[in-house]
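A.B. asks: Sequential numbering from 232 applies to the sequence shown in the working numbering.
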Amino acid sequence: MYQGQSLRVTLLEDGLAELCFDRQDSAINKFDSGTVAELAQATAAIRAHGGVRGVLLSSAKDSFIVGADIFEFPPLFAGPSEALAAFNAEQNAVFSAFEDLPVPIVAALNGLALGGGFEMLLTADYRMAVSGAQAGLPEVGLGIMPGYGGTVRLPRLVGAATTLDWILSGKPQPTATLLEAGAVDALCNAGSLREQALARLQAVAQDDTWKARREARLRGRRDDSVDFAALKAEHGKRASHYPAPLAVIESVERSLPLARDAALAEENRAFTSLAATPTAQALVQIFINEQSLRKKAKGYTRQAHRLERAAVLGAGIMGGGIAYTSAVRGTPVIMKDIAAAALDTGMGEARKLLAKQVDSGRMPPEKAAAVLDSIQPTLDFTGFSEVDIVVEAIVENLGLKKRVLADVESRLQANAVIASNTSSLSIEAIGSDLQRPQNFAGMHFFNPVPVMPLVEVIKGPATSEETAATVAGYAVAMGKTPVVVKDCPGFLVNRILTAQFVGFVRLIRDGADYLQIDRVMEAFGWPMGPAYLQDVIGMDTSCHVIDVITAGYGERMRLDFAHVIARMVQAGRLGQKSGRGFYRYQADAKGRPQKSIDPEVADLLADVRAERVRDFGDQEIVERMMLPMVIEAALCLEEGVAESAADIDMSLLLGIGFPRHWGGALKYADLVGLPNIVAQCETHRTLGGCYQPTQRMREMAARGERFHPLN
């Protein structure tokens, strides 16, 4: 009856028809604009036939439909709101036309139905599902809301309270929950789903009782199960950065009493409004960037040498965290140190982490014991001749690292890989005395290792592609997200973060209040302000890293004045570790440091200020903190430190908690607009090189280009 690229309609016996989603050359079905167009054509074909008595809605894939094609969103969301509203109204009309077919519709849910896939199911009169199938509306995770009728049809099926619970969580719901709520009508065995769905369709097609069910679904209704005022108050607290949850609540409240078409118009209005927000555009970009990183990770895994056994050189908290993360993911590891106390600390860290897994019920005790047994502590090099990769995690001392790695290399098999967990030292310099520098790379973990998802894989000038892929593949095996970067001072993340630190200490020098800076940057979306972050990192650690990195970038990052972090170190105010830094710290009942304002800091700051204290506007603080990051990120892209804007922005998100609603430094620049970024730089041009946009940034601004193209 109809054959498209993504779906087909087949005429069955007894006047029944089957509309089957079966996207060609793909393992999954999704709703791109072409598929919606085919749905319109298929619906018209069914209606025109005249002899169809009922329609079975099905999928030929292992899943039903996994949602919209997110890659179509950026140009739509960045365009005129009127155009998006018109486009979405046309798409919705297709769903409504299918729902309005003058025959009963039975859907067979065989697997996962997300977003538009679930909304397609909701157009049916009856839904049958296999045990193990799932359905959900995850759109809030993209900063938007269901746009194909999810906030309209679902409340009329399961009630407003359940609808809001499902949409606001974004989680797919299991079949038992779907059945209990009334979102599916019956469960079937996988082998009999189609047969039972057809039997149900045959039965309901015998009379007109299905019509009353449909008509009730099309009408508005009253629903007193939700305290909308309380929900709006709760979710309104975060609406400035994440407006989607509040918009969903308001849209459901407004559309409930409306008939279907008016309710769909309300949903379209709210959807269009959300799509225009920076948050939606940032979160959609993150989704696209995540797909890019996943694709690269699969490539690294294919290219990587097979790793049967690993070693960690240097124990302690960091070494213990690396060893645990390797072992818990299935790669046995030798952990070596020259001090028994350090080995005890490293093994203690692994035991503590495993105990947490057992206590939380995430790991059985016998599995934890096996993982611990796969970590072999040693004071010598026993077993090193059999390992495939060694991760060095000793102190940040160039001379020591060179000596230790040259020694360990002589004890390894010829094709073994060595990786240094340095955070700031040159990979080229560390590996300069190695006999096989092609087998050496950086592998920079972020602290705490078991928690932080990012690993920077640093290629020195001699590092082979195979070595970089093997180190990245090992990171993937450890459950991490690797980003391959070029060797330079600070690599990628710390280099960009240091540029922001430079902006921070210059603000302090120029008379800004660190309390205001922290407040403004936390309101911007950072997990903590820069002063608090320095306290958490430790002033001595931060000062060392800043000195090493800024020395590599000349005038742009030069700190030719007595800056506040160095002054803190001189005063013995090292942050949380010493109980005093920008803030004063005291442990609570659980031993966690709690900060409070320390009046003594005012006198210390007076020593490092070149200007008297003056008032700074919040926007000025944002610009002076963010512009150095944007410029340094742009330089990293231009210099090939990272391969793409996606790599850079995802590294900042995963490595230092860059606010997700801005999407990363380069996406932030896209959202603010490069012409505006360049204009802001001009305002602050007298502050030094870290406020000077690159020539390419100026050219991109003049041409209206973006770091993340829309297509």
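All residues carry an ideal CB built from backbone N, CA and C; glycine is no exception.
Quick check: the stretch 518-527 against the stretch 565-577, are there 3 or more CB pairs under 8 Å?
C.D. replies: no
A.B. asks: Pull the bridge partners of Tyr-531 from the DSSP assignment, please.
C.D. replies: The partner list for Tyr-531 (beta bridge, DSSP) is empty, contrary to what the question assumes.
A.B. asks: Are the CB atoms of Val-800 and Asp-771 nearer to each other than 8 Å?
C.D. replies: In contact: Val-800 and Asp-771 (Cβ atoms closer than 8 Å).
A.B. asks: Assuming Ile-689 and Ala-706 make a contact with CB atoms under 8 Å, what is their CB distance in whole Å?
C.D. replies: Contact doesn't hold; Cβ gap of about 12 Å is too wide.
A.B. asks: Opposite Lys-690 in the DSSP bridges: which residues?
C.D. replies: Lys-717
A.B. asks: Are three or more beta carbon pairs between the stretch 727-735 and the stretch 758-776 nearer than 8 Å?
C.D. replies: yes
A.B. asks: Are any of the Cβ atoms in chain D nearer than 8 Å to that of Ala-797?
C.D. replies: Although the question refers to chain D, the structure presented lacks it and comprises just one protein chain.
A.B. asks: Quick one: Cα of Pro-488 to Cα of Leu-388, how far?
C.D. replies: 14 Å
A.B. asks: Under a three-way DSSP split, which group does Glu-936 fall into?
C.D. replies: coil
A.B. asks: Does the stretch 691-702 come within contact of the stretch 655-667, defined as at least 3 CB pairs closer than 8 Å?
C.D. replies: yes
A.B. asks: Quick one: measure Cβ to Cβ for Arg-737 and Leu-918, integer angstroms, because I've assumed they're closer than 8 Å.
C.D. replies: 6 Å
A.B. asks: Could you tell me which whole alpha helix (DSSP H) segments of length 4 or greater appear in the stretch 721-796?
C.D. replies: 724-740, 745-755, 761-768, 770-781 and 785-788
A.B. asks: Going by the CB atoms, is the gap between Gly-342 and Ala-309 shorter than 8 Å?
C.D. replies: No, Cβ-Cβ distance for Ala-309 and Gly-342 is not below 8 Å.
A.B. asks: Rounding to the nearest angstrom, what Cα-Cα distance links Gly-422 and Gln-236 in this structure?
C.D. replies: It is roughly 26 Å from the alpha-carbon of Gly-422 to the alpha-carbon of Gln-236.
A.B. asks: Quick one: measure Cβ to Cβ for Leu-368 and Gly-381, integer angstroms, because I've assumed they're closer than 8 Å.
C.D. replies: Correct: roughly 5 Å between the Cβ atoms.
A.B. asks: Once you ignore the five residues that flank Ala-699 on each side, which residues in its own chain have a CB closer than 7 Å to its CB?
C.D. replies: Ala-672, Val-688, Lys-690 and Val-715
A.B. asks: Are the stretch 921-939 and the stretch 855-865 touching by the rule of at least three beta carbon pairs closer than 8 Å?
C.D. replies: yes
A.B. asks: Note down, one range per segment and in chain order, each alpha helix (DSSP H) of at least 4 residues found wholly within the stretch 547-571.
C.D. replies: 547-559
A.B. asks: Quick check: the Cα distance between Val-436 and Ala-475, rounded to an integer number of angstroms?
C.D. replies: Reading off the sequence shown, one finds Ala at residue 436, where the question assumed Val. Cα to Cα, the separation comes out at about 40 Å.
A.B. asks: Are there three or more Cβ pairs, one per stretch, closer than 8 Å when the stretch 908-923 is compared with the stretch 867-876?
C.D. replies: no
A.B. asks: Thinking C-beta only, is Val-686 closer than 8 Å to His-675?
C.D. replies: yes
A.B. asks: In angstroms, rounded to a whole number, what distance separates the CA positions of Arg-278 and Ala-414?
C.D. replies: 26 Å
A.B. asks: Looking at the structure shown, is His-466 part of a helix, part of a strand, or coil, going by DSSP?
C.D. replies: Helix.
A.B. asks: So what's Thr-653 in DSSP terms, helix, strand or just coil?
C.D. replies: coil
A.B. asks: Just to confirm my understanding: we take Ile-398, look at its own chain, exclude 5 residues before and 5 after, and list those with CB closer than 6 Å. What are they?
C.D. replies: Leu-368 and Val-479
A.B. asks: With burial defined as no fewer than 16 other Cβ atoms inside 10 Å of the residue's Cβ, what is the status of Gly-904: buried or exposed?
C.D. replies: exposed
A.B. asks: What is the residue span of the alpha helix (DSSP H) that Thr-394 lies within?
C.D. replies: For Thr-394, the enclosing alpha helix (DSSP H) has its first and last residue at 391-400.
A.B. asks: Could you work out which residue in His-536, Arg-254 and Asp-575 is closest to Gly-550 when comparing CA atoms only?
C.D. replies: Asp-575
A.B. asks: Given Ala-637, which residues of its chain have a CB within under 7 Å of its CB, disregarding the five upstream and five downstream residues?
C.D. replies: Asp-664 and Leu-665
A.B. asks: Apart from the five residues just before and just after Thr-393, which ones in its own chain have a Cβ nearer than 7 Å to its Cβ?
C.D. replies: Excluding positions up to five away in sequence, the list reads Ala-412.
A.B. asks: Do Leu-250 and Gly-372 have their C-beta atoms closer together than 8 Å?
C.D. replies: no
A.B. asks: Is Leu-603 closer than 8 Å to Ala-572 when the C-beta atoms are compared?
C.D. replies: Cβ atoms of Ala-572 and Leu-603: not closer than 8 Å.
A.B. asks: Would you identify the three-state DSSP class for Arg-239, choosing helix, strand or coil?
C.D. replies: strand
A.B. asks: In the DSSP assignment, the beta strand (DSSP E) including Arg-815 goes from what residue to what residue?
C.D. replies: 814-818
A.B. asks: Could you check whether the stretch 845-852 touches the stretch 736-750, counting it as contact only if at least three pairs of C-beta atoms, one from each stretch, sit closer than 8 Å?
C.D. replies: yes
A.B. asks: Just curious, the alpha helix (DSSP H) that Glu-863 is in, first and last residue?
C.D. replies: 849-869
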